[in-house]
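First the structure, in the form of structure tokens, and then the observations on it.
Residue numbers (the UniProt record's numbering): 1 to 770.
Set out below in structure tokens:
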């Protein structure tokens with residue numbers, strides 16, 4: 001395991017050190033901590049040395065305890081200090097959560113000394129401090145090939161009968177996106193509850209719960225941040241005609257599964273998302289009967305047994321529940337992923353073909369296209385004085401930090417992106433100082449990735465290259481001039497989809513032998529429901545906003561998974577993932593390779609398998625299926641202890657009896673191969689299941705990964721039945737000079753028939769410096 005972590009770290013140094021960049025919900029460029037100790041504690045707890053700990057224990061012996069909720073809680077309480085187990089009042093204050101479905105364990109307020117005492121008790125496995133995890137923060141259905149009267153939408157009846165559970169900041173009841181027009185009643189299996197009153201919950205919004213530090217006040221999960229409203233409507237919002245922001249991107253807004261049911265589990269606030277709350281919400285969602293879980297949050301890489309989301313997600317897939325998570329907003333550096341477990345669909349962010357164009361026009365006649373959601377129709381096209389505040393001052397002024405600008409009255413101000421200052425906040429500073437408009441230029445690492453924001457003054461967000469040209473123009477003349485031309489909504493960008501700069505990249509640090517991210521989906525300037533009007537121009541409840549982040553791409557995939565589950569109710573979570581991964585697009589609308597923020601072809605650690613294609617995913621031809629028990633020898637191969645694996649699987653495991661497989665041997669729909677010895681070839685098997693026509697023949701097509709030869713046997717797959725499985729062997733053979741010209745290679749293995757193309761991406765990483 002340590003060697004594999006070294007491999008990923010080596011790539012980070014060879015290809016550029018990881019830049020930690022986080023695009024927050026408030027549309028800032030500031031970072032949020034990852035896997036930090038819980039930030040918000042009561043003053044009394046801090047003074048007494050108490051913290052909230054998540055405690056993992058073994059399952060109780062059946063002859064002593066049944067697995068009822070009451071007996072499990074009694075088992076958990078047996079680990080707590082006797083000093084407060086005899087007092088119900090103290091117990092209620094100290095015990096935060098007792099988990100029942102996703103894990104065997106509990107959360108409690110403890111001192112370090114109490115935890116140390118607990119470690120001596122039989123059945124104890126481990127404990128760690130609660131952590132605060134950050135959030136990862138229309139036209140997109142049509143861009144993805146979803147049309148109202150045909151194809152996957154019609155075939156799945158828009159996700160009817162599927163329940164999507166969203167873990168986020170809450171929701172805005174009464175928003176038209178959560179109308180139940182056309183939505184039937186929830187299925188009989190639904191056991192959840194709604195903490196809003198009866199006028200707000202309906203056949204669309206069927207569940208609403210709040211999880212905040214173990215408090216069970218039943219307070220309604222009202223969304224004060226906007227993030228949860230946005231993600232929920234992206235996954236399963238109903239059709240809303242006339243949606244727009246500032247009059248831009250007009251059209252009918254809807255989620256990916258507009259007739260699916262939604263259940264909100266509030267686990268986040270402006271401070272972030274408590275891991276103990278997240279696990280409790282997943283625990284409850286499973287008991288409630290959700291079909292899909294959507295989590296647009298995460299906390300960086302961690303061993304799966306120490307990652308509450310990974311533990312909770314495994315409990316979910318054991319119940320047949322699909323789990324979709326955001327990859328994170330720490331790109332473009334390598335090894336910057338969150339949510340890496342192979343039983344989770346890990347989603348990166350890409351652009352769509354729509355932009356809200358705003359062009360910077362200079363006094364020399366040059367024009368540079370950018371984006372801005374706020375399009376000031378009254379802004380004059382006449383040239384104004386242009387100033388770069390950073391030319392004669394410090395970095396804070398160049399960044400247009402709060403209170404730094406002077407002497408910019410009536411001028412267009414060039415500001416640099418970054419510095420932990422929100423993009424909109426920079427415009428607010430320009431406006432405060434009397435500036436007429438702002439040109440916001442990217443940092444080098446963001447390249448050509450621009451975003452449409454709801455700015456407070458005329459503005460445009462341009463690329464790093466454009467910013468350098470504008471700086472050069474300013475330095476070339478004593479009277480630089482500029483203006484901004486607003487061109488409105490433009491659809492049809494042939495470079496879409498493209499990977500955006502903030503989208504976190506692989507390889508996975510927790511399990512380098514599994515290719516992550518799995519997929520990319522729309523995550524840039526996504527229009528969806530919002531609690532309040534951002535333009536202050538309407539009293540309507542139909543308020544929308546455009547937000548960017550992998551937080552936005554995740555619910556796209558969650559909704560698509562709901563459609564697939566509705567269309568194929570017998571498919572497992574792994575089968576749904578396989579269908580999404582093996583049918584992904586690897587070219588853009590122009591038919592060229594998907595590019596990244598540098599305008600160069602994006603590599604496999606940015607795109608994963610490629611960009612989601614929902615209609616193709618509905619008819620994949622073949623699937624790579626995996627049962628929950630198949631992960632156990634894989635986990636043993638990560639050198640986890642038996643107890644650590646029990647945390648994840650909730651069952652007694654003995655690796656000495658189960659056996660061990662390499663990571664790349666898991667029946668995953670992609671390959672991630674690590675070479676430490678170039679004198680030895682490596683071979684792995686995969687088993688595919690026919691979900692297409694009964695009589696089907698698939699032939700082999702290989703795009704070799706660099707200087708790695710391949711042999712696949714058999715080279716043709718012949719099926720005679722639906723549901724029939726065939727196993728093939730893929731051998732990877734290093735050639736002379738392999739690994740000397742690049743730190744990794746990429747390619748693919750494709751099975752194709754007359755009707756289907758099933759692609760498994762391949763990454764090959766070298767770790768030969770022993």
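The beta-carbon is built from N, C-alpha and C at its ideal position, and this holds for glycine as well.
Judged by DSSP in its simplified three-state form, residue 334 adopts coil rather than helix or strand. When the alpha-carbon of residue 318 is set against those of 713, 574, 50, the nearest one is in 574.
Exposure of residue 112 is indicated by the presence of fewer than 16 other C-beta atoms within 10 angstroms of its C-beta. Secondary structure remark: continuous beta strand (DSSP E) runs of at least 3 residues inside the region 159 to 195, in chain order: 163 to 168. Residue 105 and residue 545 have their alpha carbons spaced roughly 39 Å apart. Between residue 551 and residue 763, the gap from beta carbon to beta carbon reaches 8 Å or more. One Cα belongs to residue 690, the other to residue 726, and the distance between them is close to 8 Å.
With contacts defined as CB atoms closer than 8 Å, residue 504 and residue 523 fail to qualify as a contacting pair.
With 16 or more other Cβ atoms inside 10 Å of its own Cβ, residue 340 counts as buried. Residue 489 is not a Cβ neighbour of residue 632, given a cutoff of 8 Å. Secondary structure at residue 206: strand, using DSSP grouped into helix, strand and coil.
Residue 411 is classed as buried because its beta carbon has at least 16 other beta carbons within 10 Å across all chains shown.
Under DSSP, no beta-bridge partner is assigned to residue 695.
The region 234 to 243 and the region 578 to 597 do not touch, with fewer than 3 CB-CB distances between them shorter than 8 Å. Rounded to whole angstroms, the separation of the alpha carbons of residue 175 and residue 664 is 46 Å. Boundaries of the alpha helix (DSSP H) around residue 94: 88 to 94. If you draw a straight line from the Cα of residue 313 to the Cα of residue 286, it comes to about 10 Å. Going by DSSP, residue 567 is part of the alpha helix (DSSP H) stretching over 550 to 567.
Sequence-distant Cβ neighbours of residue 610 in its own chain, meaning closer than 6 Å and more than five residues away, are 584, 585, 586. In this structure, the CA atom of residue 351 is about 8 Å from the CA atom of residue 525.
Note on geometry: alpha-carbon atoms of residue 638 and residue 647 lie some 14 Å from one another. An exposed status is given to residue 656, since fewer than 16 other beta-carbon atoms sit within 10 Å of its beta-carbon. Of the candidates 500, 743, 700, 700 places its Cα closest to the Cα of residue 760. The beta-carbon separation of residue 310 and residue 278, rounded to 11 Å, does not stay under the 8 Å limit for a contact. The closest CA to that of residue 254, considering only 641, 346, 153, 68, is found on 153.
A direct Cα-Cα distance of roughly 16 Å separates residue 57 from residue 130. Around the CB of residue 114, 16 or more other CB atoms lie within 10 Å, so the residue is classed as buried. Between residue 708 and residue 745, the C-beta gap is smaller than 8 Å, which places the two residues in contact.
In the structure shown, residue 475 adopts helical secondary structure according to DSSP, grouped into three states. Excluding residues up to 5 positions away in sequence, 681, 708, 709, 710, 711 lie with their Cβ nearer than 8 Å to the Cβ of residue 733 in the same chain. The C-alpha of residue 88 is placed about 37 Å away from the C-alpha of residue 300.
Ranked by how close their Cα comes to the Cα of residue 306, the residues 645, 752, 399, 622 have 645 in first place.
For residue 118, the enclosing alpha helix (DSSP H) stretches over residues 112 to 118.
With contact defined as three or more Cβ pairs closer than 8 Å, the region 438 to 450 and the region 400 to 415 are in contact. Cβ-Cβ distances below 8 Å link residue 480 to 362, 363, 385, 386, 387, 473, 474 in the same chain, with the five nearest sequence neighbours on each side left out; the list follows chain order.
Contact between the region 506 to 519 and the region 216 to 231 is absent: fewer than three C-beta pairs spanning the two stretches fall below 8 Å.
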